[in-house]
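Novice:
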Amino acid sequence: MNEKYVPLLVLSGIITGIILAIAVMALYPPNAAGTVSTVTTSQPVVQQMITPGAEALPRFSSPEEARAFVRSHIENSDTPKLLTTRTVMAESRANAQPGGTRTWQFDIDTKTFKPDEYIVTAQAIAQEATGTALFNLVDCSWEKKQQKVEKSSQPAATNGSFIAVNPISDYCVGDRISITGQTNLAPDDGILVQVYGSSFKPTQKSQSGEFSGTSGTIKASSSSSSYYSPSSSPATVSQASPAEPAVSGREYSTTNVQVKDVDEADIVKTDGTYVYVVSGNKLHILKGYPATNAGIIASLQFSGSPESLYITGDRLVLISSARKQDDFQQCQPGACGYTIPVLQKTQVFVYSVKDPAHPALVREMELDGWYRDSRMIGSTLYFVIHSYLDPYDTGAGFPAVYDSARGSAEPPVYYFDHTDSEYYLTTIGSVDIRATETVKAKTFLIGSAGTVYVSSDNLYIAVPANTNDRTATSTDLYSFALDNGQLTYSARGTIDGTLLNQFSLDEYGGNLRVATTVQDYSRTGKGPSSRVTVLDGRMQVIGSVGDLAPTQQIYAARFMGERLYLVTYRETDPLFVIDLADPEHPKVLGELHIPGFSSYLHPYDATHLIGVGKESTRGGLKLALFDVADVYNPRLVSEEKLGGYGSDSEVLRDHKAFLFDREKDLLVLPVHIVENTYGSNGVQPVWGGAYVFGVNPEKGFTEKGTVVHYRDTGNQRRVQRAFFIEDVLYTMASDKIVMSDLKNGTGLIGSVGLP
Numbered sequence: 000m001n002e003k004y005v006p007l008l009v010l011s012g013i014i015t016g017i018i019l020a021i022a023v024m025a026l027y028p029p030n031a032a033g034t035v036s037t038v039t040t041s042q043p044v045v046q047q048m049i050t051p052g053a054e055a056l057p058r059f060s061s062p063e064e065a066r067a068f069v070r071s072h073i074e075n076s077d078t079p080k081l082l083t084t085r086t087v088m089a090e091s092r093a094n095a096q097p098g099g100t101r102t103w104q105f106d107i108d109t110k111t112f113k114p115d116e117y118i119v120t121a122q123a124i125a126q127e128a129t130g131t132a133l134f135n136l137v138d139c140s141w142e143k144k145q146q147k148v149e150k151s152s153q154p155a156a157t158n159g160s161f162i163a164v165n166p167i168s169d170y171c172v173g174d175r176i177s178i179t180g181q182t183n184l185a186p187d188d189g190i191l192v193q194v195y196g197s198s199f200k201p202t203q204k205s206q207s208g209e210f211s212g213t214s215g216t217i218k219a220s221s222s223s224s225s226y227y228s229p230s231s232s233p234a235t236v237s238q239a240s241p242a243e244p245a246v247s248g249r250e251y252s253t254t255n256v257q258v259k260d261v262d263e264a265d266i267v268k269t270d271g272t273y274v275y276v277v278s279g280n281k282l283h284i285l286k287g288y289p290a291t292n293a294g295i296i297a298s299l300q301f302s303g304s305p306e307s308l309y310i311t312g313d314r315l316v317l318i319s320s321a322r323k324q325d326d327f328q329q330c331q332p333g334a335c336g337y338t339i340p341v342l343q344k345t346q347v348f349v350y351s352v353k354d355p356a357h358p359a360l361v362r363e364m365e366l367d368g369w370y371r372d373s374r375m376i377g378s379t380l381y382f383v384i385h386s387y388l389d390p391y392d393t394g395a396g397f398p399a400v401y402d403s404a405r406g407s408a409e410p411p412v413y414y415f416d417h418t419d420s421e422y423y424l425t426t427i428g429s430v431d432i433r434a435t436e437t438v439k440a441k442t443f444l445i446g447s448a449g450t451v452y453v454s455s456d457n458l459y460i461a462v463p464a465n466t467n468d469r470t471a472t473s474t475d476l477y478s479f480a481l482d483n484g485q486l487t488y489s490a491r492g493t494i495d496g497t498l499l500n501q502f503s504l505d506e507y508g509g510n511l512r513v514a515t516t517v518q519d520y521s522r523t524g525k526g527p528s529s530r531v532t533v534l535d536g537r538m539q540v541i542g543s544v545g546d547l548a549p550t551q552q553i554y555a556a557r558f559m560g561e562r563l564y565l566v567t568y569r570e571t572d573p574l575f576v577i578d579l580a581d582p583e584h585p586k587v588l589g590e591l592h593i594p595g596f597s598s599y600l601h602p603y604d605a606t607h608l609i610g611v612g613k614e615s616t617r618g619g620l621k622l623a624l625f626d627v628a629d630v631y632n633p634r635l636v637s638e639e640k641l642g643g644y645g646s647d648s649e650v651l652r653d654h655k656a657f658l659f660d661r662e663k664d665l666l667v668l669p670v671h672i673v674e675n676t677y678g679s680n681g682v683q684p685v686w687g688g689a690y691v692f693g694v695n696p697e698k699g700f701t702e703k704g705t706v707v708h709y710r711d712t713g714n715q716r717r718v719q720r721a722f723f724i725e726d727v728l729y730t731m732a733s734d735k736i737v738m739s740d741l742k743n744g745t746g747l748i749g750s751v752g753l754p
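Each residue of the sequence shown is one higher than the last, beginning at 0 in numbering that gives the first Met the number 0.
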């Protein structure tokens with residue numbers, strides 16, 4: 000070849016390679032297989048499609064497209080399908096103020112500050128916009144000071160004004176700190192910046208103590224820097240004495256959960272020293288130990304309805320439901336409704352309880368829709384929210400997430416191209432409550448979110464597959480992989496029958512096992528029966544066993560390793576032992592028939608089960624201890640019958656009300672008891688509180704005592720929860736917490752009222 004053409008050939012090869020690279024990048028953009036980012040940054044973000052897993056999920060571009068889909072896909076609809084399956088990119092929210100994003104800076108000198116966790120708030124003076132951040136200020140006088148590296152992030156793009164505070168590294172007392180952020184406020188708009196210790200708020204002027212922090216006003220600007228230094232004599236405000244820190248080595252009970260290390264929200268939590276209680280629309284914080292000095296040290300009241308809470312370290316998370324009405328609505332000319340609709344919201348409040356007597360709100364999130372369920376793994380909160388999609392409401396938008404730390408965003412909305420009788424928008428999300436990272440969330444158009452089950456690696460949603468007569472005969476299952484706060488849709492499947500509750504689901508060896516009640520509506524009139532189905536990671540059925548207990552339905556289920564213990568009921572209480580060692584060929588090993596039924600099963604050990612239920616539908620409460628060492632011949636070891644017809648326990652409806660500790664030989668059952676006997680006036684005695692038992696396979700149940708909250712009174716506030724700290728038993732109703740001495744039977748120590 001002529002050498003003079005070699006450079007031309009090389010050049011043409013390079014050009015061809017560049018063109019091919021550009022074409023490939025257009026077809027396969029970087030991170031196309033990554034998860035959808037719902038990061039609320041300061042600039043508009045093109046959100047990426049999630050890794051679809053089992054099937055490529057299409058995505059809606061607008062609420063109107065979603066409404067058109069629902070109108071065309073509702074079962075038995077005569078409307079032609081208007082939508083073809085395709086993937087679109089969601090639009091980002093535009094900045095409300097012209098001129099783009101501006102930076103701001105607030106410099107402080109911390110030489111007069113105290114070591115503490117500090118909260119930074121930046122609030123617009125003339126508009127509604129707030130940003131927050133956290134950082135620690137430590138005493139470095141005794142150690143070598145290390146270089147601090149600030150991490151930056153972008154503020155959230157919203158339809159309105161925003162202010163964002165960049166993450167702040169830890170510093171030493173005496174350092175000068177530049178707090179920076181972004182905003183879309185107009186030039187020279189005022190921003191009030193406050194920096195204060197998390198143990199109090201700067202508005203608390205009635206407490207004794209010394210204020211550690213500063214505040215000042217700066218201007219939004221693209222280049223200028225405002226400097227503010229506090230005076231050498233900080234202002235003083237009133238503050239109570241710091242609360243005593245929790246003692247980690249103290250023995251105390253935790254919430255009764257289904258999966259180890261996967262915490263569940265509850266109405267009461269304790270850290271061994273303090274007790275955190277949701278009662279009515281209030282959150283109470285009690286100094287619970289020692290019990291002789293127990294009392295409320297802080298209370299917060301909410302406009303909404305607090306549902307439950309978590310406590311991890313010095314962070315408290317409160318989940319609340321609220322109903323809000325917009326100030327106005329946009330409607331077609333002459334076609335406005337008579338009232339403005341009330342919107343359902345789910346609120347998540349994160350508090351620092353480093354000083355429990357002065358909880359400090361460090362973050363607030365508001366999610367559109369009804370709260371369905373949540374879990375916490377480590378410091379990551381996973382939540383499921385759902386909202387109804389009205390196909391004819393032209394003013395309704397997609398669910399949004401409003402975050403005081405990172406601004407607002409609409410998660411991307413995905414759908415499955417199949418018909419249903421009704422559609423809901425189910426938002427699944429996560430947030431690290433100890434950080435200021437953005438809320439990660441995705442929304443899926445599915446049926447009404449039913450049962451939620453969460454393992455350490457996956458989140459499952461079971462949705463009854465309703466027909467037009469609203470009778471569910473099958474269940475749709477959706478799985479989502481969890482990875483340090485990242486959520487990725489994995490697969491979808493359908494099984495026969497319907498679930499009882501979350502204990503109908505269990506993940507083991509990479510498979511999902513499900514217990515369902517199957518209804519037969521055919522002319523044969525066979526009625527219900529039970530089925531156990533095993534699905535692999537792709538939600539494909541790999542094994543099942545059915546036609547269990549004809550004419551009966553499931554009342555309780557408990558998976559324990561390679562076994563399933565199943566209770567069905569009509570007139571007797573059949574306890575089935577089902578072998579799942581071979582997931583492709585599950586089989587019934589043995590069964591036991593006794594009168595009554597159990598509504599909740601709890602493992603005592605590998606070969607014994609505790610059942611909580613009733614003697615019959617018109618009988619009293621019943622505790623049962625089952626020996627399942629011989630899986631082919633399970634037997635009843637011991638039982639206790641409590642009260643007569645009308646007796647009840649919260650455990651029959653909520654497993655979190657059950658308290659059991661085998662090492663402590665303690666079983667506590669909250670009860671409302673209607674006695675079998677009658678008084679001289681012909682009235683049955685009634686009392687409410689808790690039974691306290693010891694239990695072991697040799698002796699069965701041994702009554703240790705009772706705790707009485709009420710007796711024959713009209714004020715029957717039933718016990719909802721029980722927990723212990725050391726040798727003190729705490730039984731909680733909505734009006735009070737009663738403390739009893741476990742070393743002295745159940746001798747009364749005292750009580751604390753919950754106003």
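Even glycine gets a Cβ: it sits at the ideal position worked out from N, Cα and C.
In angstroms with no decimal places, state the Cα-to-Cα distance between R362 and A121.
Specialist: Cα to Cα, R362 sits roughly 13 angstroms from A121.
Novice: Return helix, strand or coil for A441, following the three-state DSSP convention.
Specialist: Residue identity differs from the one stated: residue 441 is Lys in this sequence, not Ala. K441: strand per DSSP, three-state reduction.
Novice: Since L620 and L591 are thought to touch, with beta carbons under 8 angstroms apart, how far apart are those beta carbons, to the nearest angstrom?
Specialist: Rounded, the Cβ-Cβ distance is 20 angstroms, inconsistent with contact.
Novice: What are the partner residues of S304, as DSSP defines its beta bridges?
Specialist: Answer is S320.
Novice: Give a yes or no on contact between the region 261-272 and the region 689-707, applying the rule of three or more CB pairs nearer than 8 angstroms.
Specialist: Flag = no, the region 261-272 and the region 689-707 do not touch.
Novice: Out of V172, A123, P696 and V544, which has the shortest C-alpha to C-alpha gap to S403?
Specialist: For S403, the nearest C-alpha among the options comes from A123.
Novice: Classify Q300 as buried or exposed, calling it buried when 16 or more other Cβ atoms lie within 10 Å of its own Cβ.
Specialist: Its Cβ having fewer than 16 others within 10 Å, Q300 is exposed.
Novice: Measure the CB-CB distance between S528 and D505 and report whether it falls below 7 angstroms.
Specialist: Contact flag unset, no.
Novice: Under the rule that 16 or more other beta-carbon atoms within 10 Å means buried, what is L579, buried or exposed?
Specialist: Classification of L579: buried, given that the 10 Å Cβ count is 16 or more.
Novice: If you reduce the DSSP assignment to three classes, tell me which class S71 lands in.
Specialist: Residue state, collapsed to three classes: helix.
Novice: Using three-state DSSP, classify K621 as helix, strand or coil.
Specialist: In this structure, K621 counts as strand in the three-state DSSP scheme.
Novice: Taking only runs of the beta strand (DSSP E) that begin and end inside the region 480-521, which ones reach a length of at least 3 residues, in chain order?
Specialist: As far as the region 480-521 is concerned, its whole beta strand (DSSP E) runs of at least 3 residues are 485-495, 504-507 and 510-517.
Novice: Quick one: complete beta strand (DSSP E) runs, 3+ long, within the region 548-628?
Specialist: Those beta strand (DSSP E) runs which fall completely within the region 548-628 and span 3+ residues are 552-559, 562-568, 571-578, 586-594, 596-604, 607-613 and 620-626.
Novice: Sorted by chain position, which residues of the same chain lie with C-beta nearer than 7 angstroms to L360's C-beta, five sequence neighbours on each side aside?
Specialist: If we look at L360 and ignore the five residues flanking it on each side, its Cβ neighbours are F348 and Y350.
Novice: Can you tell me which of K286, S302 and Q551 puts its alpha carbon nearest to the alpha carbon of S319?
Specialist: Selected option, being the one with the closest Cα: S302.
Novice: Which residues in the same chain have their Cβ closer than 6 angstroms to the Cβ of E250, if we skip the five residues on either side of it in sequence?
Specialist: Cβ neighbours of E250 beyond the five flanking positions: E725.
Novice: Could you check the C-alpha separation between T755 and S298 for me, to the nearest Å?
Specialist: No information on residue 755 is available, as it lies outside the stretch 0 to 754 that the chain covers here.
Novice: Excluding the 5 residues flanking G744 on each side, which residues of the same chain have their C-beta closer than 6 angstroms to its C-beta?
Specialist: Answer for G744: G704, listed in chain order.
Novice: Between the Cα of L759 and those of I162, N680 and R491, spot the shortest distance and give me the residue it belongs to.
Specialist: Lying outside 0 to 754, the shown extent of the chain, residue 759 is not represented and no answer is given.
Novice: Buried or exposed, going by whether 16 or more other CB atoms sit within 10 Å of the CB of H417?
Specialist: Result: exposed.
Novice: In this structure, does DSSP put D664 in helix, strand or coil?
Specialist: Coil, per DSSP.
Novice: Using the C-alpha atoms, what's the distance from L366 back to G446?
Specialist: So the alpha carbons of these two residues sit roughly 19 angstroms apart.
Novice: Quick one: residues in its chain with C-beta nearer than 7 angstroms to the C-beta of V256, no 5 flanking neighbours on either side, listed in chain order?
Specialist: Correct list, in chain order: D262 and E263.
Novice: Give the list of continuous beta strand (DSSP E) stretches no shorter than 3 residues that lie fully inside the region 643-706.
Specialist: 658-660, 665-673 and 685-695, all fully within the region 643-706.
Novice: Would you tell me roughly how many angstroms separate the C-alpha atoms of T131 and T182, rounded to the nearest one?
Specialist: Their backbone Cα atoms lie some 13 angstroms apart in a straight line.
Novice: Do you know how far the Cα of T272 is from the Cα of P289?
Specialist: Looking at the two C-alpha atoms, the distance is approximately 8 angstroms.
Novice: Check L741 in the structure and name its three-state DSSP category.
Specialist: Helix, per DSSP.
Novice: Specify the secondary structure class of A65 as computed by DSSP and reduced to three states.
Specialist: If DSSP states are grouped into helix, strand and coil, A65 belongs with the helices.
Novice: Indicate whether the contact test is met: 3 or more Cβ pairs, each with one atom in the region 639-656 and one in the region 611-620, closer than 8 angstroms.
Specialist: Yes: the two stretches touch, three or more of their Cβ pairs being nearer than 8 angstroms.
Novice: Keeping to the same chain, check which residues put their C-beta closer than 7 angstroms to that of Y401; ignore five residues upstream and five downstream.
Specialist: Excluding residues within five positions, the ones whose Cβ falls inside 7 angstroms are M364, E365 and S407.
Novice: Quick one: using the 10 Å Cβ neighbour count with 16 as the cut-off for buried, is V341 buried or exposed?
Specialist: V341 comes out exposed.
Novice: Looking at the strands, I want to know which residues DSSP matches up with F291.
Specialist: This sequence places Thr at residue 291; Phe is not what is there. Note: T291 sits in no beta bridge, so no partner.
Novice: Using the Cα positions of K663 and T269, report the straight-line distance between them to the nearest angstrom.
Specialist: Straight-line Cα distance between these residues: approximately 18 angstroms.
Novice: According to DSSP, is T253 helix, strand or coil?
Specialist: Here T253 sits in coil by DSSP.
Novice: Which whole-angstrom value describes the C-beta separation of I494 and T532, a residue pair presumed to lie in contact below a C-beta threshold of 8 angstroms?
Specialist: Contact holds; Cβ gap of about 5 angstroms.
Novice: By a C-beta neighbour count over all protein chains shown, 10 Å radius and 16 as the cutoff for buried, is S373 buried or exposed?
Specialist: S373 is buried by the Cβ-count criterion.
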